[in-house]
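Numbering that gives the first Met the number 0 numbers the first residue of the sequence shown as 0 and each following residue consecutively.
Contents: one structure, followed by commentary.
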Amino acid sequence: MPDYSDRLEKALEITGDAAAVSLAYFRNDPATETKADQSPVTLADKATENSLRDSIQRNFPGEAIFGEEFGQTGDGDKMWIIDPIDGTRSFIAGLPLFGMLLGFLVEGRPKMGVIRMPALDEVYSGGEGLHAACNGTSIRVSECRSLDGARLFVNEGDKLAVREPEAFQRLVRASQLRRMAADCYPHALVARGLADAVVDYDLQPYDYLPVSAVVEAAGGIMTDWQGNRLTMASDGRTVTAATRELHAEILALLNQP
0 MPDYSDRLEK ALEITGDAAA VSLAYFRNDP ATETKADQSP VTLADKATEN SLRDSIQRNF
60 PGEAIFGEEF GQTGDGDKMW IIDPIDGTRS FIAGLPLFGM LLGFLVEGRP KMGVIRMPAL
120 DEVYSGGEGL HAACNGTSIR VSECRSLDGA RLFVNEGDKL AVREPEAFQR LVRASQLRRM
180 AADCYPHALV ARGLADAVVD YDLQPYDYLP VSAVVEAAGG IMTDWQGNRL TMASDGRTVT
240 AATRELHAEI LALLNQP
């Protein structure tokens, strides 16, 4: 099995440098535009992705890069995948829950990932053959096996309520402790053992592939709503869970006829 520890160490350094770029714009009224899909983008998104790209190209010349703001450059089996500011709306609103995602893929499979929360000074990392960590300390998912006692996050609940109303209603009745949220931080909390599951919706590959590497390194599971392994072609509906039993229960709930 290849050793990704050196790459992960460099990825932590690269995201640390880029975090300083994003924080320079945070709560500093960054210029905002609207993209073709009606989602917002700020000067901070673009500057942060440029920082990440420049560092990757300098340290790993010739490897492909796919980012939210500037698409794909290069090709080949090895590819870095970037979401410079995961949670642009939170960033614009001054909420410190935006993240930065960086993953490394081989033949489309996530081998390592970094979830960095610049405003919280937290960084989650992990990968194939590597322990998951938060700020360098090993982390692991909880042992929760049932929705009855699960700490459940439902991300993008506004979209779910409109587009998947029956599934949404089942979710909001399913757990004693549930929260509506968005973006990458709830997934990081599952990896850390502070939450048990996240149901997410309308994601892109740069949203879920880096995260899945961290969650799985922490002992958890992250798939699409049908239980399939996540790929670049997944439909953007995901389930993250601490245990296979909890994961199976959530899938059954989502896929009720």
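For glycine and all other residues, C-beta sits at the position ideal for the given N, C-alpha and C.
All values derive from a computational prediction rather than experimental measurement.
Distance between beta carbons of residue j and residue i, contact taken as under 8 Å
{"i": "Leu245", "j": "Asp195", "result": "6 Å"}
{"i": "Pro99", "j": "Thr47", "result": "Note that residue 99 is Met in the sequence shown, not Pro. That belief holds up - the Cβ atoms of Met99 and Thr47 are roughly 7 Å apart, short of 8 Å."}
{"i": "Pro83", "j": "Ala118", "result": "Actually they do not touch by this definition, with Cβ atoms about 14 Å apart."}
{"i": "Leu250", "j": "Gly226", "result": "5 Å"}
{"i": "Leu151", "j": "Arg177", "result": "4 Å"}
{"i": "Leu131", "j": "Ile138", "result": "The residue you asked about is not Leu; residue 131 is Ala in the sequence shown. With 8 Å as the limit, Ala131 and Ile138 qualify as a contact, their Cβ atoms being about 5 Å apart."}
Where residue i falls, given that 16 or more other Cβ within 10 Å makes a residue buried
{"i": "Glu68", "result": "buried"}
{"i": "Thr33", "result": "exposed"}
{"i": "Glu106", "result": "exposed"}
{"i": "Asp157", "result": "exposed"}
{"i": "Asp182", "result": "buried"}
{"i": "Pro29", "result": "buried"}
Range of the contiguous beta strand (DSSP E) that encloses residue i
{"i": "Val20", "result": "Counting along the chain, Val20 falls outside any beta strand (DSSP E), though it belongs to the alpha helix (DSSP H) covering 4-24."}
{"i": "Ala181", "result": "Here Ala181 belongs to no beta strand (DSSP E), and DSSP marks it neither H nor E."}
{"i": "Lys110", "result": "108-116"}
{"i": "Ala196", "result": "196-199"}
{"i": "Phe263", "result": "No answer is possible for residue 263: it lies beyond the span of the chain, which begins at 0 and ends at 256."}
{"i": "Val140", "result": "Val140 -> no beta strand (DSSP E), and no H or E assigned at all."}
{"i": "Ser124", "result": "121-126"}
{"i": "Ala131", "result": "129-133"}
{"i": "Met99", "result": "98-105"}
Extent of the continuous alpha helix (DSSP H) run through residue i
{"i": "Ala212", "result": "204-216"}
{"i": "Ala166", "result": "164-171"}
{"i": "Ala251", "result": "243-253"}
Could you tell me which uninterrupted beta strand (DSSP E) segments, each at least 3 residues in length, are contained entirely in the region 40-90, listed from first to last along the chain? 63-66, 70-72, 77-85
At least three beta-carbon pairs within less than 8 Å, the region 73-82 to the region 27-41: no
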